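In mature numbering (1 follows the signal peptide of the UniProt record, and there is no 0), the protein residues as written are -24 to -1, 1 to 545.
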């Protein structure tokens, strides 16, 4: 019974055992073929000699730079950091075999330290790392073709041009060359049938820069007359800065601050904050200048945003100087300054018309209305004492009241006061006449005779006023109280007239300051607008699209490539 069970287990498990054995033998055979191939290839191989059949032959190496990521561009250090893949292709006659003799193997992987490698390095590196950081394997094909694609992170030098910052384009180069071999020994070439440029198939878009183009050029040269020929492959990476970040955080605030300095001239002079506002704007511009200096290298070239900040800085300095002058004009008085005629004509007549400014009419606090007798008295034409612009001329006390001696001066002043209010004096005269008429009914005074003549003589009222005026003059000459009253009134009139004249001159100076502020408001507004447009829009690529920029950069290389392709055909 036990023998039957063992026989049954052997029949069931035998197919599985045979299958596993056959599969394992095949695997071992394949691994053995590859191991045998590697041993035979490397047994007589020397990595110290160039892979050529004859000494005078040149090793042709096809080189391709594949850009994976533009990490950053450090403007201040003038360094570009990139993540790239380097693709090498060359032929090694020592690494050939017949796939049929080795189980159909067509390619194998070999370590770098076992075979010859072209010592291509980045010439313009910035951190001392000339070669790849990761040592990858080399793919060897049966016909002798070798392929190696090592990844690397490079820091290369870049000549930063800050003329158009932040609307700038940078042209950075990456130069690759064999460190020890000349062009007769190792010749570097671009990949055949492809435009000499950086491969962008694996490129990841940068958040700071737009990649416009990355064409490549092959340069051959001699270091001296008897020196061997050298060759290098140079890739010119053209990138454009993405300006949204700098526009929002730098350009727009600077433009707003520059136009804020214009509003200094709209602020009233008497507010006392014009200088404070100007100084605050000046300090703000200093902060922006320090920020730009931290971003860019200390080069002799002045960046575009630096030009605009300097322009705004100078405009603000000029506004501070002019504001000081305007404040000085505003607080001038006739006690310290006299306004020249040319200034009065320019700032009080011409410029207000050009600037569409209308000055409110003056309202005199004290005005003495003079009658016809005072206008003709002593040969003084009081109504004509105004300047050529219609402003009453400030007169002294001697001109306010005509010069008279003794009681005649006092009588003249009393006459001026009486004639300035004719309606009131006429009413008072009528009441006085009525009182005299009622009193003269008992005493027989002349007032009774006047009332009798009013009914018969139509000119009795005028004759009566003249007689009362003569009587009042006689009373003023003989009454000490009347002389004291007229003298006091004359002093009051003189005081108010002098204050009015001083106030008018001060108002003229204030209006001159207002006209200067309004004139400078328009001048600085248009100067700031034109300067802002001229400076910020002077960047040559500010309105150019990325597609147009790529056509501009690649057009010369495409023409050369097409010409070479036709010659090869």
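Think of the CB as a built atom: it goes at the ideal place given N, C-alpha and C, for glycine as much as any other residue. Since the model is a prediction, treat every value here as computed from it, not as a measurement.
Check	Outcome
Excluding the five sequence neighbours on either side, which residues of its own chain have a C-beta within less than 7 Å of the C-beta of residue 504, listed in chain order?	234, 235, 238 and 291
So for residue 525, helix, strand or coil by DSSP?	helix
So, do the region 144 to 153 and the region 209 to 229 have three or more beta carbon pairs nearer to each other than 8 Å?	yes
Under the assumption that residue 74 contacts residue 120 (Cβ atoms under 8 Å), give the Cβ distance between them as a whole number of angstroms.	No, residue 74 and residue 120 are not in contact; Cβ-Cβ is about 12 Å, not under 8 Å.
With a threshold of 16 other CB atoms inside 10 Å of the CB of residue 408, please say whether the residue is buried or exposed.	Confidence at residue 408 is low in this model, with a pLDDT of 41, below 50, so the placement of that residue is unreliable and no value is reported for it.
Pick helix, strand or coil for residue 54, following the three-state DSSP scheme.	coil
Can you tell me the Cα-Cα spacing of residue 152 and residue 259, whole angstroms?	48 Å
For residue 25, which of 455, 91 and 309 has the nearest alpha-carbon?	91
Whole beta strand (DSSP E) runs in the region 219 to 248 with 3 or more residues, listed along the chain?	none
Run through DSSP, which three-state label would residue 467 get?	helix
Can you grab the Cα-Cα spacing for the pair residue 61 / residue 89, in whole Å?	20 Å
Extract the residue ranges of the alpha helix (DSSP H) inside the region 72 to 123, only unbroken runs of 4 or more that lie entirely within it.	none
Buried or exposed: which applies to residue 464, given that a residue is buried once 16 or more other Cβ atoms fall within 10 Å of its Cβ?	exposed
Where does the unbroken beta strand (DSSP E) through residue 300 begin, and where does it stop?	Per DSSP, residue 300 belongs to no beta strand (DSSP E); it is in the alpha helix (DSSP H), 280 to 306.
Using three-state DSSP, classify residue 130 as helix, strand or coil.	strand
Is it buried or exposed for residue 176, if we count other Cβ within 10 angstroms and need 16 for buried?	exposed
I'd like to confirm the pairing. Which residues does DSSP put opposite residue 180 in its beta bridges?	45
Which of the three DSSP states, helix, strand or coil, is assigned to residue 457?	helix
According to DSSP, which residues form a beta bridge with residue 67?	121
How should residue 211 be labelled, buried or exposed, when 16 other C-beta atoms within 10 angstroms of its C-beta is the threshold for buried?	buried
Are there 16 or more other CB atoms within 10 angstroms of the CB of residue 372, so buried, or fewer, so exposed?	Model confidence at residue 372 stands at a pLDDT of 40, short of 50, so the residue's coordinates are unreliable; what they give is reported in the following sentence. Per the 10 Å Cβ criterion, exposed.
Ordered along the chain, which non-local residues of its own chain (more than five positions away) have a Cβ less than 7 Å from that of residue 263?	none
What is the residue span of the alpha helix (DSSP H) that residue 260 lies within?	250 to 271
Would you call the CB atoms of residue 227 and residue 512 closer than 8 Å?	yes
Going by the CB atoms, is the gap between residue 139 and residue 274 shorter than 8 Å?	no
Give the range of the alpha helix (DSSP H) segment to which residue 327 is assigned.	327 to 330
Go ahead and pull the three-state DSSP assignment for residue 164.	strand
Check whether the region 488 to 508 and the region 238 to 253 touch, using three or more Cβ-Cβ pairs below 8 Å as the test.	yes
Between residue 472 and residue 481, what straight-line distance do the alpha-carbon atoms span, to the nearest angstrom?	14 Å
Considering residue 198, what are the terminal residues of the beta strand (DSSP E) in which it resides?	192 to 198
Mind checking whether residue 43 and residue 189 have CB atoms under 8 Å apart?	no
Kindly indicate which residue of 133, 127, 87 and 125 has the alpha-carbon position closest to the one of residue 102.	133
Is it right to say residue 254 is buried, meaning 16 or more other beta carbons lie within 10 angstroms of its own, or is it exposed?	buried
When DSSP builds the beta bridges, which residues end up paired with residue 211?	150 and 192
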